[in-house]
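Undergrad: Please see the structure below; I have some questions.
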Amino acid sequence: MNTRAISKHCSVSTSHVERTNLSVRMHLRRFTRLTNAHSKTLANMQAAVTLYIAFYNFCRVNQALKKTPAMASGISDHVWKLNELLIQN
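Residue numbers (our numbering): 46 to 134.
Structure below.
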């Protein structure tokens, strides 16, 4: 068993989860409290969440890390532009 993976999971706290929830609510109107914005289908909701997660991990630079989460984990070597994220090869 990988002890590094276990230690990373042990460092998750309520404040990290709440901060993630706030980020999602701020960027995706359909999750904002007391709003009439919603997805008409489950497929639309899944597409919106998938696009947000991809944008958050590949396009948005984290202020503390000075790079994207994908770059920090070694998945990507550069900050993706939005058109790079949306265009399929």
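Even for Gly, the Cβ is constructed at its ideal location relative to N, Cα and C.
1. Between Lys111 and Met90, what straight-line distance do the alpha-carbon atoms span, to the nearest angstrom?
2. Does the Cβ of Thr113 have 16 or more other Cβ atoms within 10 Å, making it buried, or fewer, making it exposed?
3. In the region 67-134, which residue ranges form an unbroken alpha helix (DSSP H) of at least 4 residues, counting only runs that do not cross its ends?
4. Three-state secondary structure (DSSP) at Val62?
5. Counting pairs of Cβ atoms below 8 Å between the region 75-84 and the region 96-103, do you hit three or more?
6. Using alpha carbons as the reference points, say which of Ser84, Ser58 and Thr65 lies closest to Asn107.
TA: Inspection of the coordinates gives the following:
1. 30 Å
2. buried
3. Within the region 67-134, the complete alpha helix (DSSP H) segments at least 4 residues long are 87-103, 114-117 and 127-131, listed from N- to C-terminus.
4. DSSP places Val62 in helix when its eight states are reduced to three.
5. no
6. Thr65
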